[in-house]
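*Asks:* Structure below; questions to follow.
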Amino acid sequence: MRLTTLDDLVEELGEPSDARRLAPDDELLRGRVPDALLSFWRRHGFGSYKNRYFVICDPRTLDPVVAVLFKDDPELHAADLAAVGYTGDSNFLLLWHRDGRKIIVTMDQSLVTVSHPSADIDKDTGQRWSEEELIGAYLYQFRMFDTELFDEACKRHGRPGEDELFGFVPAFQLGGSPVAASMRRVKAAEHLMFLAQLGPLKLIEMEPFGESRFIRFVGQKG
Numbered sequence: 005m006r007l008t009t010l011d012d013l014v015e016e017l018g019e020p021s022d023a024r025r026l027a028p029d030d031e032l033l034r035g036r037v038p039d040a041l042l043s044f045w046r047r048h049g050f051g052s053y054k055n056r057y058f059v060i061c062d063p064r065t066l067d068p069v070v071a072v073l074f075k076d077d078p079e080l081h082a083a084d085l086a087a088v089g090y091t092g093d094s095n096f097l098l099l100w101h102r103d104g105r106k107i108i109v110t111m112d113q114s115l116v117t118v119s120h121p122s123a124d125i126d127k128d129t130g131q132r133w134s135e136e137e138l139i140g141a142y143l144y145q146f147r148m149f150d151t152e153l154f155d156e157a158c159k160r161h162g163r164p165g166e167d168e169l170f171g172f173v174p175a176f177q178l179g180g181s182p183v184a185a186s187m188r189r190v191k192a193a194e195h196l197m198f199l200a201q202l203g204p205l206k207l208i209e210m211e212p213f214g215e216s217r218f219i220r221f222v223g224q225k226g
């Protein structure tokens with residue numbers, strides 16, 4: 005058994021749209037993400053799938069957002085985290101930790117979900133999956149996300165531009181309605197920064213068998 009790789013993603017869905025390749029001599033992201041993702045960015049680029057529902061992004065564009073999300077956290081430091089993808093409905097932000105942990109921020113619920121170490125183990129061999137497989141499966145999961153609301157918003161407002169996504173106006177946390185009529189095309193980095201400041205963020209860990217465990221609030225000790 006093996007996990008899905010980034011090459012599988014391209015084989016099934018094709019090249020990402022609106023792609024911008026990472027320059028061959030750009031080494032600033034090395035060590036922050038798996039080498040397999042650096043290779044993907046160099047060969048295929050930062051880009052999007054499913055009509056810009058899912059964006060595989062340059063982490064540097066969202067470093068300020070991550071810094072706000074995890075400001076003063078005693079264990080999760082922004083310098084160790086890289087934003088590798090987000091959804092065009094501004095709901096999910098996918099982060100990769102230097103130590104291999106996968107962290108999903110559900111922006112409209114102010115929720116941070118950390119993967120459990122057991123999820124990275126091949127049950128057949130007892131060994132940890134390779135980082136190439138882990139990052140591939142992590143990004144590949146967007147295929148299972150529900151795009152119905154995003155698709156309806158596209159029909160109403162048009163496809164988001166290269167630096168845009170959909171956001172609720174007002175934001176869901178501020179009483180906005182989770183319907184396409186309440187969505188607007190907004191600048192991605194600016195809107196995610198706005199949502200990042202609406203906290204507090206709950207930190208939970210996904211345990212085996214799909215159970216979740218509340219750990220603490222982000223930025224809180226103990």
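Take the sequence shown: its letter number 35 is residue 39 in my numbering, and every next letter is one higher. Glycine is no exception: its CB is placed at the ideal position from the N, C-alpha and C atoms. Quick caveat: nothing in here was measured; it's all calculated off a predicted structure.
#1: Report yes or no: do the segment 184-191 and the segment 51-58 share at least 3 C-beta pairs separated by less than 8 angstroms?
#2: So what does DSSP say about HIS48, is it helix, strand or coil?
#3: For GLU15, tell me which candidate among GLU156, ALA185, TYR144 has the shortest Cα-Cα distance.
#4: Quick one: does the C-beta of ARG189 sit closer than 7 angstroms to a heavy atom of the ligand GDP?
#5: Determine the direct distance from the alpha carbon of GLY92 to that of LEU73, and round the result to whole angstroms.
#6: How close, in whole Å, do the beta carbons of SER43 and ASP22 come, if the pair is a contact with beta carbons under 8 angstroms?
#7: Give the single residue among HIS120, GLY35, LYS54, GLU19 whose Cα lies nearest to the Cα of MET148.
#8: Do TRP100 and ALA123 come within 8 angstroms of each other at the CB atom, strictly closer than that value?
#9: With a 10 Å radius around its C-beta and 16 neighbouring C-beta atoms as the bar for buried, classify ARG105 as buried or exposed.
#10: Whose C-alpha, out of THR65, LEU17, ALA40, ASP11, is nearest the C-alpha of GLU166?
#11: Determine the extent of the alpha helix (DSSP H) in which VAL70 is found, giving its start and end residues.
#12: Would GLY49 pass as a contact of ARG25 if the rule is Cβ separation under 8 angstroms?
#13: Terminal residues of the continuous alpha helix (DSSP H) containing ARG189?
#14: Roughly how many angstroms lie between the CA atoms of PRO68 and MET197, to the nearest whole one?
#15: Exposed or buried, which one is ALA157 when buried takes at least 16 other CB atoms within 10 Å?
#16: The alpha helix (DSSP H) with ASP12 in it runs from where to where?
#17: State the start and end residues of the unbroken alpha helix (DSSP H) segment that holds ASP155.
#18: Name the residue from HIS161, HIS81, PRO78, LEU199 whose alpha carbon lies nearest to the alpha carbon of PHE176.
#19: Counting along the chain, where does the alpha helix (DSSP H) carrying ILE107 start and finish?
#20: Can you name the start and end residues of the beta strand (DSSP E) that LEU143 belongs to?
#21: ALA83 to LEU98, Cα distance in whole Å?
#22: With 16 other CB atoms within 10 Å as the buried threshold, where does ARG36 fall?
#23: What are the start and end residues of the beta strand (DSSP E) that includes MET148?
*Replies:* With the given structure in hand:
#1: Not touching, per the Cβ criterion.
#2: Residue state, collapsed to three classes: coil.
#3: GLU15 has its Cα closest to that of TYR144, out of GLU156, ALA185, TYR144.
#4: Because no ligand of any kind appears in the structure shown, any question about the ligand GDP cannot be addressed here.
#5: A straight-line Cα-Cα distance of about 19 angstroms links LEU73 and GLY92.
#6: Not a contact, Cβ separation roughly 20 angstroms.
#7: Comparing alpha carbon positions, the residue from HIS120, GLY35, LYS54, GLU19 closest to MET148 is LYS54.
#8: No. Outside cutoff.
#9: With at least 16 other beta carbons inside 10 angstroms of its own, ARG105 counts as buried.
#10: When each option's Cα is compared against that of GLU166, the closest is THR65.
#11: Membership of VAL70 in the alpha helix (DSSP H) is indicated by the continuous run 63-73.
#12: Cβ distance < 8 angstroms, so GLY49 and ARG25 count as in contact.
#13: First-last for ARG189: 187-191, but that is the beta strand (DSSP E), not the alpha helix (DSSP H).
#14: Going by the C-alpha atoms only, they are around 8 angstroms apart.
#15: Classification of ALA157: buried, given that the 10 Å Cβ count is 16 or more.
#16: First-last of the alpha helix (DSSP H) with ASP12: 10-17.
#17: 152-161 is the extent of the alpha helix (DSSP H) around ASP155.
#18: Restricting attention to HIS161, HIS81, PRO78, LEU199, the CA atom closest to the CA of PHE176 is found in LEU199.
#19: In the DSSP annotation of this structure, ILE107 is not part of any alpha helix (DSSP H); the continuous beta strand (DSSP E) holding it starts and ends at 106-110.
#20: Per DSSP, LEU143 is not a residue of any beta strand (DSSP E); the alpha helix (DSSP H) it occupies stretches across 135-144.
#21: About 15 angstroms.
#22: ARG36 should be labelled buried.
#23: No beta strand (DSSP E) holds MET148; DSSP gives it neither H nor E.
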